[in-house]
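Let me begin by presenting the structure, written as structure tokens, before commenting on it.
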Amino acid sequence: RATNPMRLVCFLLSLMLVAPGLTAAALEAGAAKVEITPPVGTPMNGYGARMGRSSTGVHDPLWSRSLYLDDGETKVLLVNADLCMINAELRARVLELAPDTVPKQHIILTATHTHSAQGGMHRYLPLRFVAGRYMEEIVEHTATAIAESMRLAVEARQRAALGYATAKQKVLSANRRDPDGPIDEQIGVLRVDDADGNMISVVTNFAAHPTSVGGASEYEFSADFVGYYYDEVERLAANGCVALFLNGTEGNQTIRDPEGNSGWARTASVGKLLAVRAKGIANEIDCTQASLRLRYAEPELPRSLADGFMPRTTILQTLEINEEVLLTFWPGEPVVELGLEMRRRALAAGYRAVFNVGLANDYLMYFVPRALYHNFYYESAQNYYGPGIADWFYAQFNGMMSLGTPIPPAAGGIVERRTVDGAPMLVLEGDAYARGFARGEAFAESIRSRYTARIADPLRDGSALPDDGVWSMVPGFLDMTTLAKPMLGIAARPLLSPLSEETYREMEGMADAAGVPFDALALLQNAHRFDTITDRSTLFTTPLCTMFAVHGARAGSEEILVGRNLDWTAPENPVITEVHPETGHRFLQVGFCWNTGVFTGMNDAGLVVAVERLENAPPETISGAAIELVLREVLQTQSTPASAA
17 RATNPMRLVC
27 FLLSLMLVAP
37 GLTAAALEAG
47 AAKVEITPPV
57 GTPMNGYGAR
67 MGRSSTGVHD
77 PLWSRSLYLD
87 DGETKVLLVN
97 ADLCMINAEL
107 RARVLELAPD
117 TVPKQHIILT
127 ATHTHSAQGG
137 MHRYLPLRFV
147 AGRYMEEIVE
157 HTATAIAESM
167 RLAVEARQRA
177 ALGYATAKQK
187 VLSANRRDPD
197 GPIDEQIGVL
207 RVDDADGNMI
217 SVVTNFAAHP
227 TSVGGASEYE
237 FSADFVGYYY
247 DEVERLAANG
257 CVALFLNGTE
267 GNQTIRDPEG
277 NSGWARTASV
287 GKLLAVRAKG
297 IANEIDCTQA
307 SLRLRYAEPE
317 LPRSLADGFM
327 PRTTILQTLE
337 INEEVLLTFW
347 PGEPVVELGL
357 EMRRRALAAG
367 YRAVFNVGLA
377 NDYLMYFVPR
387 ALYHNFYYES
397 AQNYYGPGIA
407 DWFYAQFNGM
417 MSLGTPIPPA
427 AGGIVERRTV
437 DGAPMLVLEG
447 DAYARGFARG
457 EAFAESIRSR
467 YTARIADPLR
477 DGSALPDDGV
487 WSMVPGFLDM
497 TTLAKPMLGI
507 AARPLLSPLS
517 EETYREMEGM
527 ADAAGVPFDA
537 LALLQNAHRF
547 DTITDRSTLF
557 TTPLCTMFAV
567 HGARAGSEEI
577 LVGRNLDWTA
587 PENPVITEVH
597 PETGHRFLQV
607 GFCWNTGVFT
617 GMNDAGLVVA
627 VERLENAPPE
637 TISGAAIELV
647 LREVLQTQST
657 PASAA
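Written out as structure tokens, the structure is:
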């Protein structure tokens, strides 16, 4: 019987749509946003100078923005939240509330890193010093809103197409540590369209700290420049487009306004300029069908001296689009050098575009490359997992990529082992790491026992701690090794500055094989030098805040015990002054004979202020002088304990 040609064509098309492996189903996508601004009075996260104090207002709303993608085989929920970080407590609750449409491992949670969002979501120290007291209701409020944005994005799914592009900028960001240092010039954009060509979402990847809010607005909630980016993209795109922002490897990156504004005008200018540029890039993108590939891992981290408050495992994810675009998701704040190198490696492997996304799924502080490890500044000090953390990330992400080849393991080891006059002798070959690993493996027990005897035990029994300053105020029953170990390790890092990369790698191999953190091995190398130092306080000088407060049993009484180091490098004699002003509260301050204002003080309402001394502070950091002026105003004008607090 003759076959109708059109019927045959229709049959073949239907067969292609249902036959496994013949063709992928059409892409579906949906986007939604839900406000996550907490009640005024909630503690804020981001600036240590706030010391966990409460918010006083809302400048602009905070959002959770979700993008749902489904290529027929892989479902993904990509979320950006206007938060300083994604912490473990929040992520766990979000996953409990998340729609079961998407596998939990395919949910990607990222923070924009605004320093003007809610705190109160960390159970453990030391982040509570910055983020304020733990408030379970704020975790619940934030997680519920994030989950709602995810649910709405899934419900909004429709036939869609996707495209991408990158462009360069040189005027919107700057290196906040080195004026001549590198920046990430890339602006990466994903565009998602509906069947009519309307933009469902514009996703922008750009690396810079959202820390432009200060002054009188420092206690107001704000999405920072990202909020202005959202508003401008959505105004330009219209038709219900939802803008997302994925921060990059912004550890040492800040914003720069080519228009030269200050204050909120600067914040608005950068956000709008970024939006106009991103929308312009999106306008040139041709969207097509897309295939997705997501990989998830929970690897064990390198060892750390901060194991008392830092985790041993973390979450890593990669997302590939058409095996052309690679998105890597980092659980903290990598400095730009790591992002640029990761991109170089991935492009060399065959990807056409690479978006590195920081502050994703977890928060492990900062990550710096080996060359910056000895530098005595904030980002390096907050790198808790050793100088090889960059190589660790490269290897982990390399193993999660479709393209490229595996990184070969270090080659070499012990060629010969013998005894000479009663002493062990090793003959080694191979690269520096392999030689170090062989030595560490051969003498692992001795290395561990020597570290315990020379470093850990003296810290635990207090003999290695300073006899004065903040350490002298610690009750004898309080074990300070959890804090003292990483502080000592950080303070000793400048001693590593003359070392070559070869020596670094050898020490890393020794530490890994012996089962100790790199900083532990580094401290052991210098233990003999520490023994010659009379003033042990110099061994614990770090660019981190050295203030603490304890109460109850930990303070040895029912009262609060507050201590801090004045962080002053020049020799000074402290002066204690009790002040009875004509109006306001009595207060006690500790300072020097020559200083006005207050460095460290407490008033009779229980308000404590301790000003941290910062060298080479970034421009947006609030100055000690400004804090002193605020303190003076509070102490001289407030008349009730409630208002003073």
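Be aware that the sequence shown starts at 17, since it is given in this note's numbering, and climbs by one per residue.
Ideal Cβ placement from N, Cα and C applies to all residues, glycine included.
All values derive from a computational prediction rather than experimental measurement.
Return the residue from the list the options that minimises the CA-CA distance to residue i.
{"i": "D76", "options": "A454, D247, F345 and S479", "result": "D247"}
{"i": "I681", "options": "L106, G420 and L539", "result": "Lying outside 17 to 661, the shown extent of the chain, residue 681 is not represented and no answer is given."}
{"i": "Q121", "options": "H131, C100 and V92", "result": "V92"}
{"i": "A163", "options": "V229, A104 and V95", "result": "V95"}
{"i": "T270", "options": "H225, N263 and T593", "result": "H225"}
{"i": "G230", "options": "M60, S320, A369 and L83", "result": "M60"}
{"i": "L97", "options": "A376, G62, R144 and A108", "result": "In the sequence as displayed, the identity of residue 97 is Ala instead of Leu. When each option's Cα is compared against that of A97, the closest is A376."}
{"i": "Y84", "options": "V219, R109 and L515", "result": "V219"}
{"i": "W79", "options": "D196, A480, V286 and A239", "result": "A239"}
{"i": "T468", "options": "A536, H601, F392 and V341", "result": "A536"}
{"i": "A259", "options": "A530, L290, Y393 and R360", "result": "L290"}
{"i": "V351", "options": "T265, S132, A460 and C303", "result": "T265"}
Quick one: residues in its chain with C-beta nearer than 6 Å to the C-beta of residue i, no 5 flanking neighbours on either side, listed in chain order?
{"i": "T58", "result": "S71, Q134, G136 and I154"}
{"i": "G366", "result": "L419"}
{"i": "M151", "result": "G136"}
{"i": "K295", "result": "V249 and L252"}
{"i": "M618", "result": "L604 and V624"}
{"i": "R674", "result": "No statement about residue 674 is possible, as the shown extent of the chain runs from 17 to 661 and does not include it."}
{"i": "H138", "result": "N103, R144 and A147"}
Who are the near neighbours of residue i in its chain, counting only those whose CB is closer than 8 Å to its CB and skipping five residues on each side?
{"i": "I12", "result": "What is shown of the chain runs 17 to 661, which leaves residue 12 out entirely."}
{"i": "M215", "result": "R207, V208, D209, A253, N255, C257 and A298"}
{"i": "P315", "result": "T329, T330, L332 and Q412"}
{"i": "F325", "result": "Y140, L141, P142 and T498"}
{"i": "R69", "result": "P59, M60, G148 and Y235"}
Could you pull out every residue in the same chain whose Cβ sits closer than 7 Å to the Cβ of residue i, ignoring the five residues on either side in sequence?
{"i": "E201", "result": "K184, Q185 and K186"}
{"i": "A306", "result": "L43, D87, L178, I337 and N338"}
{"i": "D302", "result": "G179"}
{"i": "E517", "result": "R386"}
Quick one: using the 10 Å Cβ neighbour count with 16 as the cut-off for buried, is residue i buried or exposed?
{"i": "Q174", "result": "exposed"}
{"i": "R149", "result": "exposed"}
{"i": "Q541", "result": "exposed"}
{"i": "E234", "result": "buried"}
{"i": "M441", "result": "exposed"}
{"i": "H129", "result": "buried"}
{"i": "V56", "result": "exposed"}
{"i": "H544", "result": "exposed"}
{"i": "H596", "result": "exposed"}
{"i": "I423", "result": "exposed"}
{"i": "T344", "result": "buried"}
{"i": "A364", "result": "exposed"}
{"i": "T158", "result": "buried"}
{"i": "E524", "result": "buried"}
{"i": "A427", "result": "exposed"}
{"i": "T39", "result": "Note that T39 scores 39 on pLDDT, short of 50, meaning its location in the model is unreliable; the coordinates nonetheless yield the value given after this. So T39 counts as exposed."}
{"i": "V591", "result": "exposed"}
{"i": "V50", "result": "buried"}
{"i": "V373", "result": "buried"}
Under a three-way DSSP split, which group does residue i fall into?
{"i": "K288", "result": "helix"}
{"i": "M60", "result": "strand"}
{"i": "N277", "result": "coil"}
{"i": "A97", "result": "strand"}
{"i": "V110", "result": "helix"}
{"i": "I430", "result": "strand"}
{"i": "E234", "result": "coil"}
{"i": "N414", "result": "helix"}
{"i": "F261", "result": "strand"}
{"i": "F371", "result": "strand"}
{"i": "L540", "result": "helix"}
For residue i and chain D, any beta-carbon pair shorter than 8 Å?
{"i": "D247", "result": "Here chain D cannot be found, since the structure has a single protein chain."}
Taking DSSP's pairing of strands, which residues face residue i in a bridge?
{"i": "L85", "result": "A45 and V92"}
{"i": "M215", "result": "D209"}
{"i": "G607", "result": "V591"}
{"i": "Y382", "result": "E349"}
{"i": "A460", "result": "A460 pairs with nothing; no bridge assigned."}
{"i": "V74", "result": "F237"}
{"i": "T334", "result": "R311 and T344"}
{"i": "G204", "result": "T182 and N221"}
{"i": "N619", "result": "F603"}
{"i": "A450", "result": "Bridge partners of A450: none, in fact."}
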